[in-house]
Amino acid sequence: MASEEAQFVARAEHLAGPTGVVGFQTRAAREAAFAPQDRYVLPQFEEKTPYGFKRQDPYTRLFEDRIIFMGVQVDDTSADDIMAQLLVLESQDPNRDVMMYINSPGGSMTAMTAIYDTMQYIKPDVQTVCLGQAASAAAILLAAGAKGKRLMLPNARVLI
Numbered sequence: 002m003a004s005e006e007a008q009f010v011a012r013a014e015h016l017a018g019p020t021g022v023v024g025f026q027t028r029a030a031r032e033a034a035f036a037p038q039d040r041y042v043l044p045q046f047e048e049k050t051p052y053g054f055k056r057q058d059p060y061t062r063l064f065e066d067r068i069i070f071m072g073v074q075v076d077d078t079s080a081d082d083i084m085a086q087l088l089v090l091e092s093q094d095p096n097r098d099v100m101m102y103i104n105s106p107g108g109s110m111t112a113m114t115a116i117y118d119t120m121q122y123i124k125p126d127v128q129t130v131c132l133g134q135a136a137s138a139a140a141i142l143l144a145a146g147a148k149g150k151r152l153m154l155p156n157a158r159v160l161i
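The opening residue of the sequence shown carries number 2 in the numbering used here; numbering runs sequentially from there.
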């Protein structure tokens, strides 16, 4: 309970700003301050390169290895992101496979069909792997992987 009070006080102080007067922030900033904080901070790491050090997050590192991680609900925004990644990976090397890891509760059918069509359109094979769950639209994307390149981990669940 004390933790919730501390979070509330911290958010209220953040909203008040240095003057102590509420209202000097945009509506989006005020709403973001009170939005549920259900996601932990994703760690970043440094990697030594011939040109010095490069700081990046795990998603960027996965993308460099031609891995797309779909760990959110399938909606228009996530579909746009995934389609863009698929198209970029095809343009970088159309002969190397792309891997897509899926842990999603599903979502919009129109967004799913956009991703599905892009997976079928690009030249590289898309290997799909279910981690956790692939439900609804995500299950269809799991099945859309290239023949012989569809996998699921032992404790993963597919719900149609």
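Positions of the beta carbon are idealized from the N, C-alpha and C atoms, including for glycine.
DSSP, reduced to helix, strand and coil, places Ile83 within a helical segment of the structure shown. Between Ala135 and Ala157, the gap from beta carbon to beta carbon is short of 9 Å. Under the 8 Å Cβ criterion, the region 82–93 does not count as touching the region 41–51, having fewer than three qualifying pairs. Of the candidates Gly107, Tyr102 and Tyr117, the residue whose Cα lies closest to the Cα of Leu152 is Tyr102.
By the CB criterion at 9 Å, Met110 and Ala140 fall outside the cutoff. Between the C-alpha atoms of Pro51 and Ile161 there is a straight-line separation of about 48 Å.
Rounded to the nearest whole angstrom, the C-alpha separation of Ser105 and Leu154 is 14 Å. Phe46 has Gln57 as its beta-bridge partners, per DSSP. Rounded to the nearest whole angstrom, the CA to CA distance from Ala147 to Arg67 is 15 Å.
For Tyr102, no alpha helix (DSSP H) run applies; the uninterrupted beta strand (DSSP E) run containing it begins and ends at Val99 to Ser105, by DSSP.
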